[in-house]
Amino acid sequence: MERIYLKKDIIPKIQQGKKVDTQEVIKILENSPQKGRDMVVIGKENFTPEVVEYILNAKGGSKKVAVDILPREQAQKLGFKYPQNVRRTIDKAEMLHTLNRHGENGEISKARKQPPLTKEHLSKWTQYADEADMQVFSKDDLGQDVIVSGKQINGHYVVVESIRKKQNELGFKTMYFERGDLKDNPAFDLAVSKDTP
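Heads up, the final residue of the sequence shown is numbered 197 in this note's numbering, and it's a clean run with no missing numbers.
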């Protein structure tokens, strides 16, 4: 296997929240562990549509990326055992599932006439979740903890679902757009509005 050398300042730049060259980010992803505390956190500013494309085209089964660290307060609210180091991750399988259902040729986006999801939208999933107008804590069909975040954008809204996983991770589950008003979505009937005291 060919050894890949990274510029010495790349990891410190990423850890400081700085944008770095996409090819350097891809080299890091090719050589970093896929789970555990040694997984390199690339930073949301480095999770670009090009990185999404790389992950989707990666050979082999699963490819997971740690995008950023969840704020400690939010991790405590979610009941993580070690709230100081909860990674927000996204996996190739979830991205493919989301695009197949809610993307341009997605069965659900066509049937419901939803605005189609793109790789650019996927690259902003943490931003949509962080800037959510409403959030609700729920359980999925398997009884796992899920955070459903909704953000109103003009005449439609985006919904991001994140799932609490083992190994101190909050993982991307799915994301989709809907036409209309976020307040009319029954998933948010018991939601916590960020505007409400």
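Where is the CB? At the ideal position from N, CA and C, for every residue including glycine.
Predicted model, so just to flag it, every value in this text is computed and none were measured.
Note the first and the last residue of the continuous beta strand (DSSP E) segment covering Met175. Met175 -> beta strand (DSSP E) spans 169-179.
Check this for me: beta carbons of Thr98 and Leu122, under 8 angstroms apart or not? yes
Using a 10 Å radius around the Cβ and a threshold of 16 neighbouring Cβ atoms, would you call Arg87 buried or exposed? buried
Starting from Thr199 and walking both ways along the beta strand (DSSP E), at which residues does that stretch end? Outside the shown range of the chain, which is 1 to 197, sits residue 199, and nothing can be said about it.
Below 8 angstroms CB to CB, which residues in the same chain sit around Asn100 once its five sequence neighbours on both sides are set aside? Only Gly106, Glu107 meet the Cβ criterion.
For Lys110, which option in Arg179, Pro33, Thr22, Asp68 has the closest C-alpha, if you only look at C-alpha atoms? Arg179
To the nearest whole angstrom, what separates the beta carbons of Gln40 and Ile28, a pair I think is in contact under 8 angstroms? Here residue 40 is Val; the residue named in the question, Gln, does not match the sequence. Yes, they are in contact, since the Cβ atoms of Val40 and Ile28 sit about 5 angstroms apart, within 8 angstroms.
Suppose only complete runs of 4+ residues qualify. What are the alpha helix (DSSP H) ranges in the stretch 95-149, listed by chain order? 107-111, 119-123, 125-130
Name the DSSP bridge partner or partners of Ile153? His156
Who are the near neighbours of Lys151 in its chain, counting only those whose CB is closer than 7 angstroms to its CB and skipping five residues on each side? Tyr128, Glu131, Ala132, Asp133, Tyr157, Val158
Span separating the alpha-carbon of Leu70 from that of Lys173: 16 angstroms
Report buried or exposed for Gly60, applying the criterion of at least 16 other Cβ atoms within 10 angstroms of its Cβ. exposed
Do you know how far the Cα of Asp91 is from the Cα of Asn31? Just so you know, the alpha carbons of Asn31 and Asp91 end up roughly 16 angstroms apart.
List the endpoints of the continuous alpha helix (DSSP H) containing Ile26. 22-31
Specify the secondary structure class of Arg88 as computed by DSSP and reduced to three states. strand
Where Ile4 sits in the DSSP three-state scheme: Confidence is the limiting factor: at Ile4 the pLDDT is only 39, short of 50, which leaves the residue's position unreliable and the question unanswerable from this model.
Residues that DSSP places opposite Val65 in a beta bridge: DSSP lists Ile90 as partners of Val65.
Let me check understanding here. Comparing Cα to Cα, which of Lys19, Ile26, Lys35 lies closest to Asn168? Closest by alpha carbon: Lys35.
List the whole-angstrom C-beta distance separating Val148 from Ala93, where the pair is believed to meet the contact cut-off of C-beta under 8 angstroms. Actually they do not touch by this definition, with Cβ atoms about 20 angstroms apart.
From Arg164, Asn154, Lys63, pick the residue whose C-alpha is nearest to that of Lys77; which is it? Looking at the Cα atoms, Arg164 is the closest of the given residues.
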